[in-house]
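Asks: Quick one: the structure is below, questions incoming.
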Amino acid sequence: AGSIVSYCLGITRIDPIHYKLLFERFLNPDRVSMPDIDIDFDDEGRDKVINYVAEKYGASKVAQIITFGTIGAKLAVRDVGRVLKLSQDEANRIAKLIPEKSGITLKEAINAVPELKDLTISGSEVIKKTFENALVLEGLMRHTSKHACGMIIGTDDLINLLPLCTAKDSKLPLTQYEGNMIQRIGLLKIDFLGLKTLTIMKDAIDTIYKRHNVKINVDSIPFTDKKTFELFQQGETIGTFQFESEGMRMYLKELKPTEIEDLIAMNALYRPGPMESINNYIRRKHGTEEISYPLPVLEQILNYTYGIMVYQEQIMQIAQKVGRFKLSDADHLRKVISKKVVSEMPKVREEFISGAIENGYQKEDAEKVFDVMEDFAKYGFNRSHAAAYSFIAFQTAYLKAHYPAEYMAAVLTHNLSDIKKITFYIDECRRQQIPVLRPDINESEANFTVTDQGAIRFGLAAIKGVGENAVA
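In my numbering, each residue's number is its place in the sequence shown (first place is 1) plus 1087.
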């Protein structure tokens, strides 16, 4: 969304000049790799786009990307146990002792869990052998699969550029290199993502048109709509995009957002790390905490976030304003700080401070600004990303605020197979005083529908054990 060309072509709907999005965060002369292009389509339209690309550029120039599944700690124990004829119950019992921690290795698990350590010493011969082999096999490639959304487009037939293979569930070939390697040999990787929220919005808009004869264009919804902001202020955001978690709803009630900027900031701040700044943001918005800036000159960059550095783009602008960096160099500085590239840190610090001194700033002021930047850059979020997602969030909230039954029926329909979510969203409908009627063989369709009286009729396909074919 930081690209004005994308905006002019209608690829994105966000004016990057109005929303202070920097093109250099997307692409600049010093960037070695191609930018990572992610495009969200509605779930059901994604295959059409893939077919379109294959037709437009030629099927021989388009491929999907392979991914390699590796053997994790639990899987290593289960796989080896199966081969060594260890009973399934015993293999499962050992696997369950391994903590549910992302990326934990078997060695770490044995050191952390006394019971596992005992098994490696005093377990049966089969169990000892299971551990012995599992430790060797852990981390190796186990199987290949298809990347959920990555596509490769080449200027030449891909068979001349890299090894390909076939995939059983795809008409297009798969690359035999994974994503990072593909970019390193100079090919363009694009992610065509299927976003369920866009399908929900499309279905809700169709239902609204059928029931009320009102054709809604979500791209022309005013971002000043009072009813939508009231929904955010009351934390009534269950079923909306990005803003439905319990913690987020609690913060929204305290923040009482009044403009799209507040939503963009919350989208960026509500993540591990920057979360500690949310309360400062709320207090500063309501005037209960003084708004301060590391230097007075930074007010024009930080005024719309009340003096808090929230976005990567703000860090780049400060490097430009104070340290006289070109924006492309500022993007490099952002990367060095945020990724903690220890070897380059002294160099960028020195460049920033000497640029600031040449620019007329005192050395201690320059050091102070760099320290603040260094602190915030660890958590700084890409503003283009936050803005794009906040736009979609606002659109979903608008539909929920103005057409709650139609919107919630679409949300329920697109969670048909998850009984917990269906229960959760039905409770939300009842809380909003939208009746949810039981299944009825004469009235129900496969999906959740809205009756003439404005109630939601339960969809037959959501009943456990009743498939879509039987409903049809």
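Think of the CB as a built atom: it goes at the ideal place given N, C-alpha and C, for glycine as much as any other residue.
Since the structure is predicted, the reported quantities are computational estimates derived from the model, not experimental observations.
#1: Can you give me the C-alpha to C-alpha distance between Val-1213 and Ser-1477, rounded to a whole angstrom?
#2: For Glu-1386, which residues in the same chain have their Cβ closer than 7 Å to its Cβ, ignoring the five residues on either side in sequence?
#3: Determine which residues share a DSSP beta bridge with Tyr-1398 and list them.
#4: Flag this pair as yes or no: are the beta carbons of Gly-1089 and Phe-1110 separated by less than 8 Å?
#5: Counting along the chain, where does the beta strand (DSSP E) carrying Ser-1232 start and finish?
#6: Could you give the distance in angstroms between the alpha-carbon of Glu-1461 and the alpha-carbon of Phe-1439?
#7: So, under 8 Å CB-CB, Arg-1470 and Leu-1108 are touching, yes? Tell me the CB distance rounded to an integer number of Å.
#8: At which residues does the alpha helix (DSSP H) containing Lys-1283 begin and terminate?
#9: Closest to Asn-1354 by C-alpha separation, out of Thr-1375, Arg-1370, Phe-1481, would be which residue?
#10: So what does Thr-1154 bridge to, in DSSP terms?
#11: Could you check what DSSP says for Asp-1102 in three-state terms: helix, strand or coil?
#12: Enumerated in chain order, which unbroken segments of the alpha helix (DSSP H) with a length of 4 residues or greater are wholly contained in the region 1364-1450?
#13: Is the region 1521-1533 close to the region 1323-1337, with three or more CB pairs under 8 Å?
#14: Which whole-angstrom value describes the C-beta separation of Leu-1259 and Val-1149, a residue pair presumed to lie in contact below a C-beta threshold of 8 Å?
#15: Quick one: what's got a C-beta closer than 6 Å to Ile-1181's C-beta in the same chain, skipping five residues either side?
#16: Near Lys-1450, which residues of its chain fall below 7 Å by C-beta distance, leaving aside the five closest residues on each side in sequence?
#17: Just verifying my parser: in three-state terms, what is the DSSP assignment at Arg-1544?
#18: Taking 8 Å as the threshold, find out whether the region 1480-1499 comes into contact with the region 1343-1354 through three or more Cβ pairs.
#19: Considering only the beta carbon of each residue, do Ile-1543 and Leu-1499 sit closer than 8 Å?
#20: I believe Ile-1158 touches His-1234 by the beta-carbon criterion, under 8 Å. Please report the beta-carbon distance rounded to the nearest angstrom.
#21: What runs of the beta strand (DSSP E), each 3 residues or longer, lie entirely inside the region 1113-1155?
#22: Determine, using beta-carbon pairs with one atom in the region 1261-1280 and one in the region 1218-1237, whether at least three such pairs fall under 8 Å.
#23: Can you give me the C-alpha to C-alpha distance between Ile-1325 and Asp-1418, rounded to a whole angstrom?
#24: Quick one, which of Ala-1464, His-1472, Gly-1552 has its alpha-carbon nearest Asp-1505's?
#25: Exposed or buried, what is Glu-1377 when buried is set at 16 or more other beta-carbons lying within 10 Å of its beta-carbon?
#26: Among the residues of its own chain, which have a CB less than 7 Å from the CB of Ala-1464, if the five just before and after it don't count?
#27: Is it buried or exposed, Ser-1211, if we count other Cβ atoms within 10 angstroms and call 16 or more buried?
#28: Going by DSSP, what residue range makes up the alpha helix (DSSP H) through Tyr-1338?
#29: Around the C-beta of Thr-1242, are 16 or more other C-beta atoms found within 10 angstroms, so that it is buried, or is it exposed?
#30: Going by DSSP in three states, Val-1523 sits in which element: helix, strand or coil?
#31: Using a 10 Å radius around the Cβ and a threshold of 16 neighbouring Cβ atoms, would you call Ile-1208 buried or exposed?
#32: Rounded to the nearest angstrom, what separates Ile-1185 and Gly-1360 at their Cα positions?
#33: May I ask you to verify whether the region 1483-1496 touches the region 1311-1327, counting CB pairs closer than 8 Å and requiring at least 3?
#34: What are the uninterrupted segments assigned as alpha helix (DSSP H) that are 4 or more residues long and contained completely in the region 1189-1213, given in chain order?
#35: Where does Pro-1491 land, buried or exposed, given buried means 16+ other C-beta within 10 angstroms?
Replies: This is what the structure gives:
#1: One-based indexing of the sequence shown puts residue 1213 at position 126. One-based indexing of the sequence shown puts residue 1477 at position 390. Straight across, the Cα-Cα distance linking Val-1213 with Ser-1477 is about 55 Å.
#2: As a working note, residue 1386 is residue 299 in the sequence shown. Closer than 7 Å at Cβ, skipping near neighbours: Tyr-1380.
#3: The residue given as residue 1398 occupies position 311 in the sequence shown. Tyr-1398 is bridged to Phe-1468.
#4: In the sequence shown, counting from the first residue as 1, residue 1089 sits at position 2. In the sequence shown, counting from the first residue as 1, residue 1110 sits at position 23. A contact, by the Cβ cut-off of 8 Å.
#5: Within the sequence shown, the letter at position 145 stands for residue 1232. Ser-1232 -> beta strand (DSSP E) spans 1228-1240.
#6: For this step, residue 1461 is matched to residue 374 along the sequence shown. For this step, residue 1439 is matched to residue 352 along the sequence shown. Cα to Cα, the separation comes out at about 12 Å.
#7: Position 383 of the sequence shown, counted from the first residue, corresponds to residue 1470. Position 21 of the sequence shown, counted from the first residue, corresponds to residue 1108. Between Leu-1108 and Arg-1470 the Cβ distance is about 6 Å, and since that is below 8 Å, they are a contact.
#8: Walking along the sequence shown from the start, residue 1283 turns up at place 196. That run of the alpha helix (DSSP H) goes 1283-1299.
#9: Indexing the sequence shown from 1 puts residue 1354 at position 267. Of the candidates Thr-1375, Arg-1370, Phe-1481, the one whose C-alpha sits nearest the C-alpha of Asn-1354 is Phe-1481.
#10: Sequence index remark: in the sequence shown, residue 1154 carries index 67 (1-based). Paired residues: Ser-1232.
#11: The residue you call residue 1102 lines up with position 15 of the sequence shown. If DSSP states are grouped into helix, strand and coil, Asp-1102 belongs with coil.
#12: List check, alpha helix (DSSP H) in window: 1365-1372, 1386-1389, 1399-1410, 1414-1425, 1432-1445.
#13: Too few Cβ pairs lie closer than 8 Å, so no.
#14: On the sequence shown, position 172 is the one that residue 1259 refers to. On the sequence shown, position 62 is the one that residue 1149 refers to. So it is a contact: roughly 6 Å between Cβ atoms.
#15: Start at 1 with the first residue of the sequence shown, and residue 1181 comes out as number 94. Result list for Ile-1181: Val-1164, in chain order.
#16: Position 363 of the sequence shown, counted from the first residue, corresponds to residue 1450. The residues are Ile-1440, Ile-1444.
#17: Counting from 1 along the sequence shown, the entry for residue 1544 is found at position 457. Strand at Arg-1544.
#18: Touching, per the Cβ criterion.
#19: Here residue 1543 corresponds to residue number 456 of the sequence shown, with the count starting at 1. Here residue 1499 corresponds to residue number 412 of the sequence shown, with the count starting at 1. Yes, the Cβ-Cβ distance between Ile-1543 and Leu-1499 is below 8 Å.
#20: By 1-based counting over the sequence shown, the position of residue 1158 is 71. By 1-based counting over the sequence shown, the position of residue 1234 is 147. Rounded to whole angstroms, the Cβ separation of Ile-1158 and His-1234 is 19 Å, and the two are not in contact under 8 Å.
#21: Restricting attention to beta strand (DSSP E) runs no shorter than 3 residues, the region 1113-1155 encloses them at 1124-1129, ordered along the chain.
#22: In this structure the region 1261-1280 lies against the region 1218-1237, because at least three pairs of beta carbons, one per stretch, are closer than 8 Å.
#23: For this step, residue 1325 is matched to residue 238 along the sequence shown. For this step, residue 1418 is matched to residue 331 along the sequence shown. Whole-angstrom Cα-Cα distance: 36 Å.
#24: Looking up residue 1505 in the sequence shown gives position 418. With respect to the C-alpha of Asp-1505, the residue from Ala-1464, His-1472, Gly-1552 having the closest C-alpha is Gly-1552.
#25: The sequence position of residue 1377 within the sequence shown is 290, counting from 1. Glu-1377 is exposed by the Cβ-count criterion.
#26: On the sequence shown, residue 1464 is found 377 positions in, with the first residue counted as 1. Correct list, in chain order: Ile-1402, Arg-1421, Ile-1424, Ser-1425.
#27: As a working note, residue 1211 is residue 124 in the sequence shown. The residue is exposed, with fewer than 16 neighbouring Cβ atoms inside 10 Å.
#28: Counting from one through the sequence shown, the residue named residue 1338 turns up at place 251. Its alpha helix (DSSP H) spans residues 1333-1342.
#29: Indexing the sequence shown from 1 puts residue 1242 at position 155. The residue in question, Thr-1242, is exposed, as its Cβ has fewer than 16 Cβ neighbours within 10 Å.
#30: Translated into positions along the sequence shown, residue 1523 becomes position 436. Strand at Val-1523.
#31: Here residue 1208 refers to the residue found at position 121 of the sequence shown. Burial call: exposed.
#32: Start at 1 with the first residue of the sequence shown, and residue 1185 comes out as number 98. Start at 1 with the first residue of the sequence shown, and residue 1360 comes out as number 273. Looking at the two C-alpha atoms, the distance is approximately 27 Å.
#33: Put simply, the region 1483-1496 touches the region 1311-1327. At least three CB pairs are less than 8 Å apart.
#34: Entirely contained in the region 1189-1213, the alpha helix (DSSP H) runs reaching 4 residues are, in chain order, 1193-1199, 1201-1209.
#35: By one-based count along the sequence shown, residue 1491 stands at place 404. Buried, since its Cβ has 16 or more Cβ neighbours within 10 Å.
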